[in-house]
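Taken in order, these protein sequences are the chains called A and B. Taking our numbering, the leading residue of the first sequence gets 14, the next gets one more, and so forth. Taking our numbering, the leading residue of the second sequence gets 14, the next gets one more, and so forth.
2 protein chains.
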Amino acid sequence: MAHRKRHLFVCVNRRPDGTPKGSCAARGSVELHARLKDMLKQRGLAETEVRACTSSCLDVCWVGPSIAVEPDHFVYGRVGEGDLEAIVDGLERGQRVERLVLQPADFELPKELKALEKAEKKPI
Amino acid sequence: MAHRKRHLFVCVNRRPDGTPKGSCAARGSVELHARLKDMLKQRGLAETEVRACTSSCLDVCWVGPSIAVEPDHFVYGRVGEGDLEAIVDGLERGQRVERLVLQPADFELPKELKALEKAEKKPI
């Protein structure tokens with residue numbers, strides 16, 4: 014196998030149920046990764062073009078499920094099963110699915126979670 | 014937290030003991046990841062510069078432990094505890110540690126493992 018042109022890193026971090034910021038696995042990312050792997054294989058992209066890996070926390074739990082797309086170095090967020098077709102189409106054409114691309118503000122812990130963290134005096 | 018300038022993805026895939034091609038976790042990658050995280054924090058790089066994540070198999074088991082460096086899109090291989098200082102120094106300076114960078118031939122399953130796979134008629 015060659016070094017693939019792109020790597021997807023699907024966060025599969027799981028936090029305990031009820032964690033305020035949630036986690037990608039609790040939002041279904043394990044299943045998303047498995048489906049992505051299948052789709053890439055079916056489209057003939059898996060062996061040379063794109064490898065779909067799982068990863069630990071990408072630090073954007075509140076907008077998960079999140080997927081780091083490298084070497085393009087952007088992150089898809091709030092990804093659902095219904096987005097995978099567009100994501101794989103995009104990989105085939107070398108295009109991003111703009112509506113899913115996280116913006117700078119998405120990388121910041123939302124205000125209400127910041128307030129909660131301050132009140133609890135520990136990471137939430 | 015901002016989107017870090019770089020992500021390291023340390024393969025922590027573990028295969029059963031005795032698997033011919035071995036695995037990164039069996040070669041100590043879980044400990045390497047933990048140490049890298051500590052070092053990045055100590056050097057003040059963790060919050061904005063570099064995030065060290067774990068990942069599933071990067072498909073170069075035979076030259077593991079392996080670490081994908083993104084968005085530079087190269088892979089460090091055969092990484093040992095003694096290499097981490099040079100890796101983190103390199104991240105600080107924006108330089109690669111050339112002796113650890115996997116070359117195109119490293120991405121191919123070695124001949125002896127290919128022969129074994131052929132003999133066993135299944136992935137090894």
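Glycine included, each C-beta is placed from N, C-alpha and C at the ideal position.
Residues in the same chain with beta-carbon distance under 7 Å from residue i, minus the five sequence neighbours each way, listed in chain order, please.
| i | result |
| --- | --- |
| Phe120(A) | Val73 |
| Lys34(A) | Cys74, Trp75, Leu126, Ile137 |
| Gly90(A) | Val73, Val76, Gly77, Ser79, Leu113, Leu115, Asp119 |
| Pro117(A) | none |
| Arg27(B) | Ser36, Ala38, Ala39 |
| Leu129(A) | Pro33, Ile137 |
| Glu105(B) | Arg56, Leu58 |
Which residue comes first and which comes last in the alpha helix (DSSP H) that contains residue i?
| i | result |
| --- | --- |
| Glu83(B) | First-last for Glu83(B): 80 to 83, but that is the beta strand (DSSP E), not the alpha helix (DSSP H). |
| Val25(A) | Counting along the chain, Val25(A) falls outside any alpha helix (DSSP H), and DSSP gives it neither H nor E. |
| Ser42(A) | 42 to 55 |
| Ala132(B) | 124 to 133 |
Residues of chain A with a CB under 9 Å from the CB of residue i: which are they?
| i | result |
| --- | --- |
| Leu53(B) | Per Cβ cutoff of 9 Å: no residues; Leu53(B) is ~13 Å from chain A at best. |
Once the 5 residues before and after residue i are set aside, which same chain residues still bring their CB inside 8 Å of it?
| i | result |
| --- | --- |
| Arg40(B) | Gly77, Pro78 |
| Ile100(B) | Leu49, Ile80, Tyr89, Val92, Val110, Leu113 |
| Gly96(A) | Note on residue identity: the sequence assigns Asp, not Gly, to residue 96(A). The answer, listed in chain order, is Tyr89, Val110, Leu113. |
| Asp85(A) | Arg19, Arg109 |
For residue i, which residues in chain B fall below 9 Å Cβ to Cβ?
| i | result |
| --- | --- |
| Val88(A) | His16 |
Interface residues of chain B around residue i at Cβ under 7 Å?
| i | result |
| --- | --- |
| Thr67(A) | Ser68, Ser69 |
I'd like the list of long-range same chain contacts for residue i, defined as Cβ closer than 6 Å, with 5 residues on each side in sequence excluded.
| i | result |
| --- | --- |
| Ala59(A) | Leu53 |
| Pro123(B) | Trp75 |
| Thr61(B) | Ala15 |
| Arg64(B) | Arg17, His20 |
List the residues of chain A whose Cβ lies closer than 7 Å to the Cβ of residue i, in chain order.
| i | result |
| --- | --- |
| Pro136(B) | Within 7 Å Cβ-Cβ: nothing; Pro136(B) doesn't reach chain A, min ~11 Å. |
| Arg64(B) | Asp72 |
Start and end of the beta strand (DSSP E) containing residue i?
| i | result |
| --- | --- |
| Val101(B) | Taken as a continuous stretch (DSSP letters only), Val101(B) belongs to no beta strand (DSSP E), being part of the alpha helix (DSSP H) at 97 to 106. |
| Phe120(B) | Run containing Phe120(B): none; DSSP gives neither H nor E here. |
| Val88(B) | 87 to 89 |
For residue i, name the three-state secondary structure that DSSP assigns.
| i | result |
| --- | --- |
| Arg109(A) | coil |
| Cys66(A) | strand |
| Val76(B) | helix |
By the criterion of Cβ-Cβ separation under 8 Å, what are the contact partners of residue i in chain A?
| i | result |
| --- | --- |
| Pro84(B) | Glu83, Pro84, Asp85, His86 |
For the structure I just gave you, are there three or more beta carbon pairs, one from the stretch 59 to 70 of chain A and one from the stretch 16 to 29 of chain A, closer than 8 Å?
The answer is yes - the stretch 16 to 29 of chain A touches the stretch 59 to 70 of chain A, with three or more Cβ pairs under 8 Å.
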